[in-house]
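Residue numbers (this note's numbering), protein chains in the order written: chain X, 1125 to 1224; chain P, 828 to 1293.
Every residue gets a Cβ at the ideal spot worked out from N, C-alpha and C, and that includes glycine.
Before any comments, here is the structure.
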């Protein structure tokens, strides 16, 4: 994105996504920092194992939920990065199948 | 640990309607607290930058950032408290609201409640809409406006409605490469409504400005085309569109493929009525204004005494209707509390509200979702993104169990995931109605229960322990 110095992101920090360091700037959300690094897949669904990324980016759809600093089900689109933050793709249990 | 907020008026939502209501009520002498889920106030329309970002010279920012400045400054000057990162997730019988703020539980006790919870985008299912890289137009705009982050390298905008234009403007302003814009309607389908534009000069001028932005970028909107599927391995790589007629039926042989890494599709907005439904306000189905909406009177008061609505939650009408409506609600609530409000001030706000609503209704009429777009959702297409339920499963449940949203939800699990039906709920209701051949009123809405958004167990327990 073109930068003309009108808006300056916060100081540099490092978050860890599934153990790998990811550079970020304070004020960025986890999802935006991952997107900036080209990481669009945030998790896989628990039943079909399909990849999921940012969808509404405003906290409505919960498609971007990740495990952040040990808390499950946290929205990556609204959660701002912190230095040393641990971000993990969630491990989810499969849905209990109905017996027909 | 928990906290309590006591105030005269609690406003839920810090977008145009909520801020306007807060300002009107505070100016009349009421104590006002605005509760908002986001880190910065402004809602989606007056989206602010994160507090951690710095702006050396605010005067150099374009109006995407500064258009809310005046209102926000006035609200702060009027002594309104804005509680950011404060999610309202429940409502108790005594009128108190349950909230959570950065993991801490709280309750809000207010004499009057003004719900200005806004709207979110209407997403309509198609194969591949769950692929990473497919998102809502508003989501893409938020990434740029709030995060200074382009959603991708080669972007396609699609769906229907004038909102695609400001999204395109924001993206182009940030240097984005927009490959194409597909709009489901065609100008010739709008013509019979043209006379109703009379008088709305500021909005016409805005439309012409957008046209110029697109022309400068060498872009022209491709009318009468709908997205039929998105394809890609792990993320979206291309989108297939087809031409459609006035009813939204696709025309055989008109398929075209466009390569992209980001596809933004939206068909207007749906009112965010979960809180008004939880409070117990009466609702009615209003397709023109985006779905289920609370009933309200000239003072914006709902069927529950002391609970008001303003803006998109009361029916989709745009930011200018929201500003006017917030003003009406704020003045009315303050007056009910015994503050002096001049009749003339209230009446002029009500007139402004009606003018803006007329324009909103015109836009809603012109860009109404074509029925064929729902009918062409194939049985194999995913509808519930959280619980992974297909359109076929919903139709089968509707055929077997009858036209009741709750029954279809119970049988299929559609709407039981993290999104709690916010994204898939109206699709479930629409598909159920079409399968059973009955109205949306017959089908009803998915039930709403607290917490309105996922909340940690500890945050609920904290509220009970104090």
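- If you draw a straight line from the Cα of residue 888/P to the Cα of residue 910/P, it is about 26 Å long.
- Using a C-beta cut-off of 8 Å, the region 1129–1140 of chain X makes contact with the region 874–884 of chain P, since at least three inter-stretch Cβ pairs fall below that distance.
- By the Cβ-count criterion, residue 1284/P is exposed, with fewer than 16 other Cβ atoms from all chains shown falling within 10 Å of its own Cβ.
- By the Cβ criterion, the region 912–924 of chain P is not in contact with the region 1140–1150 of chain X, since fewer than three pairs of Cβ atoms, one from each stretch, lie closer than 8 Å.
- Listed in chain order, the non-local C-beta contacts of residue 1004/P below 6 Å within the same chain comprise 981, local neighbours out to five positions each way being set aside.
- Interface criterion not met: the Cβ of residue 1207/X is under 8 Å from no Cβ in chain P.
- Closest in C-alpha terms to residue 1132/P, from the list 1094/P, 861/P, 1103/P, comes 1103/P.
- For residue 1133/X, the C-beta contacts it makes with chain P under 7 Å involve 880, 975, in order along the chain.
- If only complete runs of 3 or more residues are kept, the region 919–1007 of chain P shows the beta strand (DSSP E) at 924–928, 931–942, 946–948, 982–987, in order along the chain.
- Under the Cβ distance rule, residue 893/P does not count among the residues neighbouring chain X, no pair being separated by less than 8 Å.
- The contact set of residue 871/P on chain X, defined by CB atoms closer than 9 Å, consists of 1182 in chain order.
- If you check each beta-carbon in the region 1158–1186 of chain X against every beta-carbon of chain P, the ones closer than 7 Å belong to 1159, 1160, 1164, 1165, 1169, 1171, 1172, 1174, 1175, 1176, 1177, 1178, 1179, 1180, 1181, 1182, 1183, 1184, 1185, 1186.
- With at least 16 other beta carbons inside 10 angstroms of its own, residue 1088/P counts as buried.
- Identification of residues in the region 1205–1219 of chain P having a C-beta nearer than 8 Å to some C-beta of chain X yields 1212, 1213, 1214, 1215, given in sequence order.
- Three or more Cβ pairs closer than 8 Å define a contact, and the region 1104–1119 of chain P meets that threshold against the region 1183–1197 of chain P.
- Taken through DSSP and simplified to helix, strand or coil, residue 1212/X comes out as strand.
- For residue 1153/X, the chain P residues whose Cβ falls inside 7 Å of its Cβ are 974, in order along the chain.
- With contact defined as three or more Cβ pairs closer than 8 Å, the region 973–988 of chain P and the region 1003–1020 of chain P are in contact.
- Rounded to whole angstroms, residue 1144/P and residue 1094/P show a C-alpha spacing of 14 Å.
- Here residue 1158/X carries a helix assignment [DSSP, helix/strand/coil].
- Annotation: Cβ neighbours of residue 1130/X in chain P (cutoff 8 Å, chain order): 882, 883, 884, 887, 888.
- The C-beta separation of residue 1220/P from residue 1239/P comes to about 5 Å, placing the pair in contact by the 8 Å criterion.
- Taking 8 Å as the cut-off, the Cβ atoms of residue 1121/P and residue 1108/P count as close.
- Residues of the same chain with a CB within less than 7 Å of the CB of residue 1230/P, apart from the 5 flanking positions on each side, are 1259, 1260, 1263, 1265, 1269, 1270 in chain order.
- Our two residues, residue 1001/P and residue 971/P, have alpha carbons roughly 7 Å apart in a direct line.
- Under the Cβ criterion of 8 Å, residue 1094/P is not counted among the residues facing chain X.
- The beta-carbon of residue 1286/P is placed no less than 8 Å from the nearest beta-carbon of chain X.
- Closer than 8 Å to the CB of residue 1136/X there is not a single CB belonging to chain P.
- Neighbourhood of residue 1277/P in chain X, by CB distance below 9 Å: empty, with the nearest CB roughly 16 Å away.
- Against chain P, a Cβ distance below 8 Å from residue 1197/X picks out 1245, 1281.
- For residue 1030/P, the enclosing alpha helix (DSSP H) covers residues 1028–1043.
- If the five residues before and after residue 1130/P are omitted, its C-beta is found closer than 7 Å to the C-beta atoms of 1108, 1109, 1122, all from its own chain and listed in chain order.
- Per the coordinates, the alpha-carbon of residue 1181/P lies some 8 Å from the alpha-carbon of residue 1148/P.
- By the rule that beta-carbons nearer than 8 Å mark a contact, residue 962/P touches chain X.
- At a C-beta separation below 7 Å, residue 1215/X has no neighbours in chain P, since its nearest C-beta there lies roughly 15 Å away.
- As computed with DSSP, residue 1112/P is found in a beta bridge with 1119/P.
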